[in-house]
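In this note's numbering, the protein residues as written are 160 to 433.
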């Protein structure tokens, strides 16, 4: 995945990865190993929100790589926008490309709906140090918080305050499950058939425009933290912190303020074109 305007040092600045080291100097020292993949994934998750503000504004999300960089990173690494699965996972893929880490995109079938759904979700299979890792920065509330090795089947894996596992019900197929209220709940299924970036264009159009998709129906903004998550779901603000959740109603007139104060996001202007 490549964008002509992607700069690794600005990406590291955007995700708060540089610490006390200059981002351009740090970029030259990143090793192509699983520790780097995990660190980048966690920093991006805690800095770049999952959000569908453009869809709610009546806009079709652009999958042009340069547009994704401009939206999430900006010209100076200080942009505050996020995106949904195609955008945030694409940004992560650009960072992997810049470091020299191999990966492939895969289509995933969401499995938490009451009926069978098409494969519209995107994730990455990262190949490093002789292992394949599932990485996904765009599944929202119960998405992964760190890479999961495909070889570690049926093993519960605690990631911060969440717990996941991979199962393989049939040969060549995988299902990611999250433990919710002491029950394993399937999140999505996938196989290892590689997908090209352009293959996600129809799914993106569907999720950007179809009235049955959750992205068109309601606001979804999620910011992960080391000890919790903050979510705007429709007209409710939900804050998880150290095992406790608070839910606050959000009136329409309060939306812009909540986005600014809780997520550092500006409410985009509505698309008035018919």
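Beta carbons are placed, not taken as given, at the ideal position from N, Cα and C, and that holds for glycine.
Mind checking which residues open and close the beta strand (DSSP E) that includes residue 381?
Looking at the DSSP string, the run of the beta strand (DSSP E) that includes residue 381 is 379-383.
Within 7 Å, strictly: CB atoms of residue 246 and residue 227:
Taking a C-beta distance under 7 Å as the contact criterion, residue 246 and residue 227 qualify as a contact pair.
Please report how far the alpha carbon of residue 371 lies from the alpha carbon of residue 261, in whole angstroms.
35 Å
Skipping 5 residues on each side, what residues in its chain have a beta carbon closer than 8 Å to that of residue 306?
193, 196, 197, 200, 285, 292, 293 and 294
From residue 310 to residue 276, what does the alpha carbon distance come to, in whole angstroms?
A direct Cα-Cα distance of roughly 27 Å separates residue 310 from residue 276.
Going by DSSP, which residues form a beta bridge with residue 321?
For residue 321, which the question treats as bridged, DSSP gives the partners 318.
In whole angstroms, what is the alpha-carbon distance linking residue 171 and residue 248?
15 Å
Which residues in the same chain have their Cβ closer than 7 Å to the Cβ of residue 430, if we skip the five residues on either side of it in sequence?
216, 217 and 218
What's the C-alpha gap between residue 336 and residue 330?
17 Å
From this set, 428, 412, 346 and 162, which residue's C-alpha is nearest residue 299's C-alpha?
346
Does the structure place the region 372-384 close enough to the region 411-427 that three or more beta carbon pairs sit under 8 Å?
Yes, they touch.
Check residue 163 in the structure and name its three-state DSSP category.
Residue 163 falls in the coil class under three-state DSSP.
State yes or no: is the C-beta of residue 389 within less than 7 Å of the C-beta of residue 420?
No. Outside cutoff.
How is the beta strand (DSSP E) around residue 330 delimited, first residue to last?
That residue, residue 330, is in no beta strand (DSSP E); it is neither H nor E in DSSP.
Range of the contiguous alpha helix (DSSP H) that encloses residue 246
Here the alpha helix (DSSP H) through residue 246 covers 244-258.
So the candidates are 221, 214, 236 and 189; which of them puts its Cα closest to the Cα of residue 207?
For the residues 221, 214, 236 and 189, the minimum Cα distance to residue 207 belongs to 236.
Let me check understanding here. Comparing Cα to Cα, which of 399, 204 and 288 lies closest to residue 297?
204
In the region 333-409, which residue ranges form an unbroken beta strand (DSSP E) of at least 3 residues, counting only runs that do not cross its ends?
342-350, 379-383, 387-392, 395-400 and 403-408
Within a Cβ cutoff of 8 Å, which residues of the same chain sit near residue 251, ignoring the five residues on either side of it in sequence?
199, 200, 203, 283, 294 and 296
With DSSP as the reference, label residue 286 as helix, strand or coil.
Three-state DSSP puts residue 286 in a strand.
Quick one: measure Cβ to Cβ for residue 354 and residue 265, integer angstroms, because I've assumed they're closer than 8 Å.
With 8 Å as the limit, residue 354 and residue 265 qualify as a contact, their Cβ atoms being about 6 Å apart.
Classification of residue 340 by the beta-carbon crowding that lies within 10 angstroms, buried from 16 upward:
exposed
Drop a sphere of 10 angstroms on the beta-carbon of residue 425, count the other beta-carbons inside from all chains shown, and report buried for 16 or more, exposed for fewer.
exposed
Taking DSSP's pairing of strands, which residues face residue 262 in a bridge?
285
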